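**Q** Those sequence lines, one after another, are chains A and B. Here the first sequence stands for residues 1 to 361, numbered as in my numbering. Here the second sequence stands for residues 362 to 493, numbered as in my numbering. The beta carbon of each residue, even a glycine, is placed where N, CA and C say it ideally should be. These numbers were taken from a predicted model, which means no experiment stands behind them.
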Amino acid sequence: MTQKTILNDTHRALGAKMVDFGGWDMPINYGSQIEEHHAVRRDAGMFDVSHMTVVDLRGARTREFLRRLLANSVDKLKAPGKALYSCMLDERGGVIDDLIVYFLGDDFFRVVVNAATREKDLAWIQTQAKAFDVAVSERPELAMIAVQGPNARAKVFGLLSPETRAKAEKVGKFAAVEGDGLFIARTGYTGEDGFEIVVPEAQAVELWNRLKDAGVAPAGLGARDTLRLEAGMNLYGQDMDESVTPWEANLGWTVALDEGRDFIGRGALEKQKAAGDHRVMVGLVMDEKGVLRHGQRVVTPSGDGEILSGSFSPTLGKSIAFARVPAGSSGTLQADIRGKLVPVRVVKYPFVRDGKAIDGI
Amino acid sequence: MQEIPGDLKFMKSHEWARVEDKGTVTVGISDHAQGLLGDLVYVELPSVGDTVKAGNAVAVVESVKAASDVYAPVSGEIVAINEALPDKPETINEDAYGDGWLFVIKPDNLAEEQEELLGPDDYAELIENEDD
């Protein structure tokens, strides 16, 4: 059965083209995904991300539980409101999901996980939480709207009460504040500044319409995908899954091998790191015409790799991709596009930052 | 959605064909097809002088989302291509039945092959059923 967010009728009234996304009926675009992409890079756009799963964790031993559950160190979170990006691994070091965890109080953390992985994530978290007496409660009554772009924050400020506005203006990157019934996090999935706003379903349509009246452009999942790829952000299911460790998904920066912390998957990760010959994830740019796509073969001097996320980059006007390739692949490789071998350049990503191409892309 | 012009014939794979007064056949993809593909970013056209066979892939249109082959509705020789398209593929999104045409075929066997194509009403019915 296809699920609908509280904003479903609103999307349809705006003329959205709807698609099934991980069991949810979601807008892919409202006309042109390229225009929506540019709106976010140049001004402000908003995404309904209510399909994502908000899970609250409560209990005196919640921090201790998260030290065990997550590959990143929850002890980096010192001030209430601070957020951390982390992988949740299985014993083999495979990625069950990537998530954001917020520190809200000594006995209260909030995690936001992907929609398509909701059931297995909840089952895994609940199983692991038992030993720590942590209460795991999903919050399906909460909707979420991501407002992103260079002018996104300013447009949100204008809709807040003076007290909440003061807090929201002060909140730093990767942190959240609460006010006006909203949970306002300065996070996102586009490479632009902005907020992800958790809002009770009863207020969500009104908030969406007020944002629209303030000049924030509705943007669909199509634009969200090209924005996050340009920004160098992984997509679960496409760039990594249980068969892949963080080392193989260029997520080593999210793994904290801090002294004495026995997180799930640590043993497998240390073993793989010591061996040092694992596959790596690289960024690719194609200067020829055409579009790199998921599943295409990448030919390298040390064997074949494959395209993970691949798309057309509206900001660069050419195709970019992530690929998983044998260790040591660099320089120019070749992508197999419908039987034709096309040169592609290995580059350091993100591809785009602050609305502009990174040097060398 | 653009109205389907009454003088077009269609393939089930969403190409349109218009028989011009001088007997050539202009080919494009339907407005429905461009809507399914979304923003087009790349078009690969055949060359003038190429011989094409009905039902064979002769061009590629590629959107942000997907690449799609374009099949020749009739057999014959390519006598013109829309040279403006590779630089402005979005023309297909904007005007699929007009400025977004792809190529022109001088047909070998038009009378017989056009019988295989769908009329506008049959095509409208096809895409309506597809939406269900």
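Helix, strand or coil for R42/A, going by three-state DSSP, please let me know.
**A** Working through the first sequence from its first residue, we reach residue 42/A at position 42. Residue state, collapsed to three classes: helix.
**Q** Buried or exposed for S329/A, please, with buried defined as at least 16 other CB atoms from any protein chain shown within 10 angstroms of its CB.
**A** For the purposes of this step, residue 329/A is taken as the residue at position 329 of the first sequence. Per the 10 Å Cβ criterion, buried.
**Q** Please list the partners that A428/B has in chain A, where partner means a Cβ-to-Cβ separation under 9 Å.
**A** Here residue 428/B is taken as the residue at index 67 of the second sequence, counted from 1. Ordered by position in chain A, the residues that pass the 9 Å Cβ test against A428/B are G290, V291, R293, I337 and R338.
**Q** Drop a sphere of 10 angstroms on the beta-carbon of S319/A, count the other beta-carbons inside from all chains shown, and report buried for 16 or more, exposed for fewer.
**A** Start at 1 with the first residue of the first sequence, and residue 319/A comes out as number 319. Result: buried.
**Q** To which residues of the same chain is I488/B closer than 7 Å at the C-beta, ignoring the five residues directly before and after it?
**A** In the second sequence, the residue the question calls residue 488/B occupies position 127. Hits under 7 Å: H393.
**Q** Any Cβ of chain A within less than 8 Å of the Cβ of S461/B?
**A** The sequence position of residue 461/B within the second sequence is 100, counting from 1. A small fix is needed here, since residue 461/B is Gly in this sequence, not Ser. No, G461/B lies away from the interface with chain A (no Cβ there is under 8 Å from its Cβ).
**Q** Please report the straight-line C-alpha distance between V413/B and N114/A, rounded to a whole angstrom.
**A** For the purposes of this step, residue 413/B is taken as residue 52 along the second sequence, with counting starting at 1. For the purposes of this step, residue 114/A is taken as residue 114 along the first sequence, with counting starting at 1. Cα to Cα, the separation comes out at about 47 Å.
**Q** Should W377/B go down as buried or exposed, given a rule of 16 or more other Cβ atoms within 10 Å for buried?
**A** Taking the second sequence and counting its residues from 1, the one referred to as residue 377/B is at position 16. By the neighbour-count rule (16 or more Cβ atoms within 10 Å), W377/B is buried.
**Q** State the CB to CB distance for the pair L397/B and N454/B, rounded to an integer number of angstroms; the pair is presumed to be in contact (CB under 8 Å).
**A** The residue given as residue 397/B occupies position 36 in the second sequence. The residue given as residue 454/B occupies position 93 in the second sequence. That belief does not hold up - the Cβ atoms of L397/B and N454/B are roughly 11 Å apart, past 8 Å.
**Q** Determine the extent of the alpha helix (DSSP H) in which V386/B is found, giving its start and end residues.
**A** Taking the first residue of the second sequence as position 1, residue 386/B is located at position 25. Segment V386 to I390 is the beta strand (DSSP E) holding V386/B; no alpha helix (DSSP H) there.
**Q** By a C-beta neighbour count over all protein chains shown, 10 Å radius and 16 as the cutoff for buried, is M1/A buried or exposed?
**A** Position 1 of the first sequence, counted from the start, is the residue given in the question as residue 1/A. The residue in question, M1/A, is exposed, as its Cβ has fewer than 16 Cβ neighbours within 10 Å.
**Q** Can you tell me where the alpha helix (DSSP H) with I358/A in it begins and where it stops?
**A** Against the first sequence, residue 358/A aligns to sequence position 358. Taken as a continuous stretch (DSSP letters only), I358/A belongs to no alpha helix (DSSP H), as it is neither H nor E.
**Q** Name the chain B residues that come within less than 7 Å of S311/A, Cβ to Cβ?
**A** What you label residue 311/A is simply residue 311 of the first sequence in a count that begins at 1. By Cβ distance, chain B contributes V425.
**Q** Would you mind sorting A202/A into buried or exposed? The rule is 16 or more other CB atoms within 10 Å of its CB.
**A** Numbered from 1 along the first sequence, position 202 holds the residue referred to as residue 202/A. Exposed, because fewer than 16 other Cβ atoms sit within 10 Å of the Cβ of A202/A.
**Q** Does DSSP classify Y236/A as helix, strand or coil?
**A** Numbered from its first residue, the first sequence carries residue 236/A at position 236. Strand, per DSSP.
**Q** Does V402/B get closer than 8 Å to chain D when you measure Cβ to Cβ?
**A** Reference to chain D is not applicable here, since the protein chains of this structure are A and B.
**Q** List the DSSP bridge partners of M1/A.
**A** Taking the first sequence and counting its residues from 1, one reaches residue 1/A at position 1. Answer by DSSP bridge pairing: none, since M1/A is not bridged.
**Q** For K426/B and L308/A, what's the separation of their Cα atoms in angstroms?
**A** Against the second sequence, residue 426/B aligns to sequence position 65. Against the first sequence, residue 308/A aligns to sequence position 308. Between K426/B and L308/A, the C-alpha separation is close to 14 Å.
**Q** Return the residue from the list K170/A, V346/A, G276/A and E242/A that minimises the CA-CA distance to E91/A.
**A** The residue labelled residue 91/A in the question sits at position 91 within the first sequence. Out of K170/A, V346/A, G276/A and E242/A, E242/A has the C-alpha closest to the C-alpha of E91/A.
**Q** Check the C-beta distance from A249/A over to V74/A and give it rounded, since I have them as a contact under 8 Å.
**A** The residue given as residue 249/A occupies position 249 in the first sequence. The residue given as residue 74/A occupies position 74 in the first sequence. Incorrect: roughly 20 Å between the Cβ atoms, too far for contact.
**Q** Taking only the alpha-carbon atoms, compute the straight-line gap between M18/A and R324/A and give it to the nearest angstrom.
**A** Within the first sequence, residue 18/A is the residue found at index 18, counting from 1. Within the first sequence, residue 324/A is the residue found at index 324, counting from 1. Cα to Cα, the separation comes out at about 31 Å.
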